[in-house]
Structure formats: C-alpha cells, structure tokens
Amino acid sequence: MDDEAMTSLDRNGVAGPVPPGRSRGRLADEVYDTLLGQLMSLRIEPGSRVTIDALARELGVSQTPIRDALNRMEAEGLVVRVPHAGYRIPPQITRHRFEDMLEVRLLLEPAAARRSAEQASLEQVNGLRRMLVEMEELEGGAGPTAYGAFGLRDAAFHDLVALSAGNEVIREALARLHSHVHLFRLHRDAQVTHLAMAEHEQIVAAIAARDPDAAAYAMRRHILRSGERFRRIFDEVGDVGVMAAEA
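Residue 27 is where the sequence shown starts when you use the working numbering, and the numbers rise one by one after that.
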C-alpha cells in the first residue's frame, strides 16, 4: 500500500482518508499516539503480543508507519520486541516503580510550573487553556477509547507546562518517564479524569496569573492527589505489576 493511499487516524484512533501529501513521519506519529491511547485504555492488554501485520489491518495503514511507531515505542520501553513473534506489551508497573516515578515528578514538575508562571508566553498560556477545553470535551466520553484519548491530552498538558518553563532537561526527563501511560494503564475510572480536570484548572489559573508560588503549589498538590488516587489501586489489589508479570 502506498503512503498516499493510507488512512489517517483521529485523536480517538478512528481511521479516515489521508489528505494528499501526508508525510510518512506525520502518519507514524498518529499511529504512535493511537497505540499509546490503546495502551492507556487497556484495549491492548499488559502481557499481550501484537504484530505489525495485525496492527496494519486494524488501523488501515501500511506496515511502514506501524513499524516506525513500534520502533519508537521499543526505544522508550513501552513495548518489547520478541524475535520472530512481533512485540509484547510489558506488564503494568510495580508499586516500587510507581513510588519512584512519583518522587521524580514531585522534584521536577512543581519547578516546571513555577518557571512557566514566570516566563510562559501568552500563546503558551492560551495553548494550556485550549487543552483544558479539549480535555473537558473528552471527559464525558464513554468507553476505553475516550479514556485513552483523555490520557493522551493529560500527558500533552503536562508536557506543555514543561515546554513553557523553558528547561529542556526537565521536559526530556519527564517525557522519558511516560508516567501517564503507566498510570492510565493501572485503572480506568471516570472519577480520575473529573478530579484531574479541576486540578489542572488551578494550575493554569496560577500560571496565567503569573504567580510562581501558587503554580508550584497547585502542581505539587495535583501530583500528590493523583498519587493517592492511584496508590489505592495497589492497596486494593496488591502489586499489580508483579501480578501481571506472574500471570
């Protein structure tokens, strides 16, 4: 199949016609986002195997953007290549990994929010506001696809805060954590999205008001409360990552 004949994927992973001239890299990015959404919504379950052929048929694209997206995900530790058998989805994170990830976020993200309040451009602040509107539209969506799409926007929101802080080291470190992928894989709960929205609004309000202390505090409180919400999952069902690995 030629790249010009491929289909495009919207933010919910729904296929549609590709406009003429769509680049291979752009389509690979769309496939990557779609697969991330499927991971977070558990449409692709931990421990399961996926193949390039099967994904190409499911998404209606050629093997090339699938291969590019999976290679990128392998480099980021989101999938594991299985010789002669495609790729395997890793088990969910262990509680120990979860706590380590939370500690790193508490070190970096409040600092990023503080810097964002100090120097974010008006365009970046408006971008954060637009992202909240997009997330609000997805918040009421039903089913795993909407939940995964919300998770992608959640990750993009935190990335934009880091970008507007102007510290690429912090942004790159947070990106390598893929914290939102791992957290949204733990549990699908509409209450999580509702609570996160209110906390995000407080962060944006502080950044827009150019109040560094309030922005750092709002971000720290958001991460702590998010940690409490997801920590309850471990308390209720045990170490999810270990359970998945032993299954």
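Even for Gly, the Cβ is constructed at its ideal location relative to N, Cα and C.
ask   = With a cut-off of 8 Å, do at least 3 Cβ pairs link the segment 175-188 to the segment 126-140?
value = In short, these stretches touch, since the Cβ pair count reaches three.
query = Helix or strand or just coil, what does DSSP make of L128?
reply = Locating residue 128 in the sequence shown gives position 102, counting from the first residue. DSSP, read as helix, strand or coil, puts L128 in helix.
query = In or out: Q145 buried (at least 16 other Cβ within 10 Å) or exposed?
reply = What you label residue 145 is simply residue 119 of the sequence shown in a count that begins at 1. With fewer than 16 other Cβ atoms within 10 Å, it is exposed.
task = Please look up how many angstroms separate the CB atoms of V87 and L53, rounded, as I've assumed it's under 8 Å.
result = The sequence position of residue 87 within the sequence shown is 61, counting from 1. The sequence position of residue 53 within the sequence shown is 27, counting from 1. Contact between V87 and L53 holds: their C-beta atoms lie close to 7 Å from each other, under 8 Å.
request  = Could you pull the start and end residues of the alpha helix (DSSP H) that V195 belongs to?
outcome  = By one-based count along the sequence shown, residue 195 stands at place 169. That run of the alpha helix (DSSP H) goes 194-203.
query = Who are the near neighbours of A232 in its chain, counting only those whose CB is closer than 7 Å to its CB and skipping five residues on each side?
reply = Your numbering for residue 232 matches position 206 in the sequence shown. Annotation for A232: A143, A240, A241, A244 place their beta carbon closer than 7 Å to its own, counting only its chain and skipping 5 residues before and after.
task = Express the C-alpha separation of A235 and G274 in angstroms, rounding to a whole number.
result = Since the first and last residues shown for the chain are 27 and 273, residue 274 lies out of range.
request  = Locate the alpha helix (DSSP H) running through R83, then write down its first and last residues.
outcome  = Here residue 83 refers to the residue found at position 57 when the sequence shown is read from its first residue. Run containing R83: 78-85, per the alpha helix (DSSP H) assignment.
inquiry  = What residue range does the alpha helix (DSSP H) around L98 cover?
reply    = What you label residue 98 is simply residue 72 of the sequence shown in a count that begins at 1. Looking at the sequence provided, one finds Arg at residue 98 rather than Leu. From DSSP, the alpha helix (DSSP H) with R98 extends over 89-101.
ask   = Would the segment 199-208 and the segment 149-159 be scored as touching if the rule is three or more Cβ pairs under 8 Å?
value = Pairwise C-beta distances place the segment 199-208 out of contact with the segment 149-159, as fewer than three of them are shorter than 8 Å.
task = Give, in chain order, every unbroken run of the beta strand (DSSP E) that is at least 3 residues long and sits entirely within the segment 109-158.
result = Runs found: 112-114.
inquiry  = I'd like to check one pair, V218 with R255: are the Cβ atoms closer than 8 Å?
reply    = Against the sequence shown, residue 255 aligns to sequence position 229. Against the sequence shown, residue 218 aligns to sequence position 192. Yes; because the gap between Cβ atoms is below 8 Å, this pair is in contact.
key: Same chain only: Cβ atoms within 6 Å of R48, ignoring 5 sequence neighbours per side   = Here the question's residue 48 lines up with position 22 in the sequence shown. Confidence at R48 is low in this model, with a pLDDT of 47, below 50, so the placement of that residue should be treated as unreliable; the coordinate-derived value is given next. Around R48, the same chain offers no residue with a beta carbon nearer than 6 Å, after the five sequence neighbours per side are excluded.
Spatial distance of A5 from L250 (CA atoms) = Given a span of 27 to 273 for the chain in the structure shown, any question on residue 5 remains unanswerable.
ask   = What's the C-alpha gap between I274 and S205?
value = The shown model of the chain, from 27 to 273, leaves out residue 274, and the question about it has no answer.
message = Taking 7 Å as the limit between beta carbons, can you name the residues of its chain near A188, skipping five residues before and five after?
response = Working through the sequence shown from its first residue, we reach residue 188 at position 162. Beyond the five residues adjoining it in sequence on each side, A188 comes within less than 7 Å, by CB distance, of A138, I196, R197, L200 in the same chain, given in chain order.
message = Could you compute how far the alpha carbon of V151 sits from the alpha carbon of H110?
response = Here residue 151 is taken as the residue at index 125 of the sequence shown, counted from 1. Here residue 110 is taken as the residue at index 84 of the sequence shown, counted from 1. Spanning the two alpha carbons is a distance of roughly 47 Å.
request  = Determine the DSSP secondary structure at R247, reduced to helix, strand or coil.
outcome  = Sequence index remark: in the sequence shown, residue 247 carries index 221 (1-based). Here R247 sits in helix by DSSP.
task = Starting from the Cα of E162, find the closest Cα among E102, M127, E225 and give me that residue.
result = Here the question's residue 162 lines up with position 136 in the sequence shown. Looking at the Cα atoms, E225 is the closest of the given residues.
inquiry  = Using the three-state DSSP reduction, which class does R258 fall into: helix, strand or coil?
reply    = Start at 1 with the first residue of the sequence shown, and residue 258 comes out as number 232. Reduced to three states, the DSSP call for R258 is helix.
message = Can you look up R107 in the DSSP assignment and give me helix, strand or coil?
response = For this step, residue 107 is matched to residue 81 along the sequence shown. Reduced to three states, the DSSP call for R107 is strand.
message = So if DSSP puts R75 in a beta bridge, which residue, or which two residues, is it bridged to?
response = Residue 75 sits at position 49 when you count from the first residue of the sequence shown. Beta-bridge pairing links R75 to R114.
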